[in-house]
Amino acid sequence: MLRTANEHHFGYVYPAGFALTVSTRVEQDGQCAHLMRALADPDSDALLADHPVLLDFLTTCRPESVFCFHGRDGLTLDVTHFDSLGDLARCAAAYRDAQSLDGWDAVPVMVKDLASSESQNSLLFLGAAADPQTQPIPRGLLLTAPEVEEQDCDTAPGSVSVPVVCNLAHSSLVVWFSGHGSVLFHDGDVCGFKVPAFRVDTIEVLPRVPSRSLFPRVQLGPRTLTWDEGRWQESDADTGPWADDVRTRFQLD
1 MLRTANEHHF GYVYPAGFAL TVSTRVEQDG QCAHLMRALA DPDSDALLAD HPVLLDFLTT
61 CRPESVFCFH GRDGLTLDVT HFDSLGDLAR CAAAYRDAQS LDGWDAVPVM VKDLASSESQ
121 NSLLFLGAAA DPQTQPIPRG LLLTAPEVEE QDCDTAPGSV SVPVVCNLAH SSLVVWFSGH
181 GSVLFHDGDV CGFKVPAFRV DTIEVLPRVP SRSLFPRVQL GPRTLTWDEG RWQESDADTG
241 PWADDVRTRF QLD
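1 is the number of the first residue of the sequence shown in our numbering; add one for each residue after it.
#1: Quick check on this structure: which residue in 167, 163 and 121 has the alpha carbon closest to the alpha carbon of residue 94?
#2: Between residue 177 and residue 200, which are expected to be in contact by the criterion C-beta below 8 Å, what is the C-beta distance as a whole number of angstroms?
#3: Going straight from the alpha carbon of residue 143 to that of residue 83, what length do you get?
#4: What's the call for residue 219, buried or exposed, on a 16-neighbour Cβ count within 10 Å?
#5: Which same chain residues end up closer than 6 Å to residue 76 when comparing Cβ atoms and leaving out the 5 residues on each side of it in sequence?
#6: What whole-angstrom Cβ distance do residue 20 and residue 38 have, given they're in contact under 8 Å?
#7: Which runs of the beta strand (DSSP E) fall wholly inside the region 31 to 105 and span at least 3 residues, in chain order?
#8: Alpha carbon to alpha carbon, what distance is there between residue 136 and residue 129?
#9: So what does residue 163 bridge to, in DSSP terms?
#10: Based on the DSSP output, what are the partners of residue 4 in its beta bridges?
#11: For residue 118, which of helix, strand or coil comes out of DSSP?
#12: How big is the Cα-Cα spacing for residue 109 and residue 49?
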């Protein structure tokens, strides 16, 4: 990292679009303080995979970690003092974990994804998807038609493939989860499923879907769930021009 300084701050800059800054003394809430920030450039097109040094640095930034700035009289600062650094570090750790997913090699994660709340949420989901103990897809009953009750349904054993749409700065990702369980029918039509566990089959990289809605999203036909901070909630969001190809699939035994 390159050291930088002017009359307002000093800090370190990594050429891919990341910086740590410490301001000169400023007045804040009636007290003098140094403002410390971690910044990911929202305009950077650098791929995170091309910068392992930056990735290694971020993934070691745990709350108990400290920095030592050479040439500043041994100044040592705690990671928690830097605004946004914890969020950037969590995203980098999720990116590292997600590298084990099938199909990940084609996923273009950029440094600017670390600065986007939408990308951050998607990366945290993808990192969780790589942990077989986490199971980010709900394990129990999922009814694709909200007006149908489970007691009104017939069941048959079968396999289920559930697409989850994630948005990054450059692309949309469709993460296909599969599992075996019970397929539910109402008046002869598939209306839901119960699966005890899912695994990731593959990831498709598709043209990015601009949207004001949250990502990731589980596509259940007429019903959509969005994932935010580890919780699923109902949504009516659209997936864009390729929506017909991104829907839950069923295969009976």
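For glycine and all other residues, C-beta sits at the position ideal for the given N, C-alpha and C. Quick caveat, the model's predicted, so the values are computed rather than measured.
Here's the rundown:
#1: As a first step, residue 94 is located in the sequence shown; it is residue number 94 there, counting from the start. Of 167, 163 and 121, the residue nearest in Cα terms is 121.
#2: Stepping through the sequence shown from its first residue, residue 177 is reached at position 177. Stepping through the sequence shown from its first residue, residue 200 is reached at position 200. A Cβ-Cβ separation of about 6 Å places residue 177 in contact with residue 200 under the 8 Å criterion.
#3: The residue given as residue 143 occupies position 143 in the sequence shown. The residue given as residue 83 occupies position 83 in the sequence shown. Cα-Cα distance, rounded: 41 Å.
#4: By 1-based counting over the sequence shown, the position of residue 219 is 219. It counts as buried.
#5: To locate residue 76, count along the sequence shown from 1; it is residue 76. Excluding positions up to five away in sequence, the list reads 66 and 68.
#6: Along the sequence shown, one-based indexing puts residue 20 at 20. Along the sequence shown, one-based indexing puts residue 38 at 38. Between residue 20 and residue 38 the beta-carbon gap is near 6 Å, inside 8 Å, which marks them as a contact.
#7: Counting only runs of 3 or more residues that sit fully inside the region 31 to 105, the beta strand (DSSP E) segments are 31 to 33, 36 to 40, 66 to 68 and 76 to 78, in chain order.
#8: Reading the sequence shown from its first residue, position 129 is the one you call residue 129. Reading the sequence shown from its first residue, position 136 is the one you call residue 136. Residue 129 and residue 136: Cα-Cα distance of roughly 6 Å.
#9: As a position in the sequence shown, residue 163 is number 163, starting the count at 1. In the DSSP assignment, the residues bridged to residue 163 are 176.
#10: In the sequence shown, the residue the question calls residue 4 occupies position 4. Paired residues: 11.
#11: By one-based count along the sequence shown, residue 118 stands at place 118. Correct three-state label for residue 118: helix.
#12: As a position in the sequence shown, residue 109 is number 109, starting the count at 1. As a position in the sequence shown, residue 49 is number 49, starting the count at 1. Note on geometry: alpha-carbon atoms of residue 109 and residue 49 lie some 7 Å from one another.
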